[in-house]
Amino acid sequence: MGILHGATVFVIMSLMTPVHSVLPGNPRVIDMTHTFDENTIYWPTLRQFKRTGVLRNYTADGTWREESDIEGAEHGGTHLDAPAHFSKNKWRSHDIPVERLMGPAAVVDVSPKAAADADYLVTAEDFQLWEEKHGKIPDGCLLFIKTGWGKFWPDELLYLGTNTRNTSLLHFPGLHPDGARWLVQNRGMHAVGIDTASIDYGQSTVYEAHQALFGNNIPVFENVANLDQLPAVGSVVFALPMKIGGGSGGPARIVGFVNKHEYSPPHVDL
Ligand SMILES: *[C@@H]1O[C@H](CO)[C@@H](O)[C@H](O)[C@H]1NC(C)=O
Ligand SMILES: *[C@@H]1O[C@H](CO)[C@@H](O)[C@H](O)[C@H]1NC(C)=O
Ligand SMILES: [Zn+2]
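Below, the structure written as structure tokens:
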């Protein structure tokens, strides 16, 4: 196809379908990110997200201007935990090779168990049961744990178990330390994500699942949104945090790509 022809086709397609993905394969695109605003949930002891000095006005020369300052902890909202967060001499935010932050996604749904127990801990057995249905957790994948807690966002009381600053009152499910150790010893995922405020459960005080993953340079993503819109296997996710020099984590934009045919009857070639 010539350049002119291609451009013409593109223009016509754009006119016909104003919201049209131009990505190869025309996937369904899932925004797996909670908006950063005054309602964004941060770890209770950490500095909340704030946008200050908001300017929205015409300037003296009559042009429109909007700008503001942002502040907040590295660990809040949809964000990266870099391995250095709980493991000495491991990768900080800027050290993580970018290709480790993208790949096929595996989504392990433990939401029925978590619904029955807010302190539920995801075990190696949960991963093994998942593998019986969906095959081995792929090497180089981003492994997501779906607890169902995403539906509580941004209600702190439901999502964290408390809307106070008292961390003893935190209740939400997480990854069992033994489950984390099983993963790093037996499987080759590049990162692990969860739809709660922490990969360790709310009642954790020593953060052993963090330590097991980070000791093996496996980054973590927390407060991941819209996991219910991803299939167990077959999607691709890009989880791209802000590249903070020396950071222990940081805000992330996470995007999933789902092949539309995942949900269509199989196509028959004639
Ligand atoms: C916008 O600019 C006008 C003109 O300078 C000023 O009167 C007004 O107070 C400004 N509004 C805000 C919200 O800053
Ligand atoms: C935090 O909650 C725990 C558990 O209910 C309680 O024992 C403790 O006194 C509380 N701490 C503060 C500072 O309120
Ligand atoms: Zn964190």
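Numbered by mature numbering (1 follows the signal peptide of the UniProt record, and there is no 0), the letters in the sequence shown go through residues -21 to -1, 1 to 249 in order.
Built from N, CA and C at the ideal position, the CB exists for glycine as well.
- Look at HIS113 here: in three-state DSSP terms it is helix.
- Here the residues close to ligand 2, judged by CB distance below 6 Å to any of its heavy atoms, are ASN145, SER147 and LEU148 in chain order.
- Per DSSP, the beta bridge partners of ALA231 are PRO220.
- In this structure PRO198 is not in contact with ALA52, their Cβ atoms being roughly 17 Å apart against a cut-off of 8 Å.
- Here GLY235 really is in contact with LEU209; their C-beta atoms are around 5 Å apart, less than 8 Å.
- Using a C-beta cut-off of 8 Å, the region 114 to 129 makes contact with the region 79 to 90, since at least three inter-stretch Cβ pairs fall below that distance.
- In this structure, LEU121 sits near ALA170, with a CB-CB distance shorter than 8 Å.
- Each of GLY225, GLU50 and MET168 was checked against the Cα of ARG71, and the nearest Cα belongs to GLY225.
- With a threshold of 7 Å, the Cβ atom of GLY56 does not count as near ligand 3, since no heavy atom of the ligand is closer than that.
- Pairing LEU137 with ARG44, the inter-Cα distance amounts to about 38 Å.
- Set against 7 Å, the gap from the CB of GLY228 to the closest heavy atom of ligand 3 is smaller.
- In this structure, ASN195 places its C-beta atom within 8 Å of the C-beta atom of VAL163.
- PRO83 sits in a strand when the DSSP states are folded into three classes.
- For ASN36, the three-state secondary structure derived from DSSP is strand.
- Within the region 150 to 220, the alpha helix (DSSP H) runs of at least 4 residues that lie entirely inside it are, in chain order, 156 to 165 and 187 to 193.
- Cβ-Cβ distances below 8 Å link ILE9 to ASN205, GLN208, LEU209, SER214, VAL234, GLY235, PHE236 and VAL237 in the same chain, with the five nearest sequence neighbours on each side left out; the list follows chain order.
- SER147 carries a helical assignment under DSSP once its states are collapsed to helix, strand and coil.
- Residue state for PHE236 is assigned as strand, using DSSP reduced to three classes.
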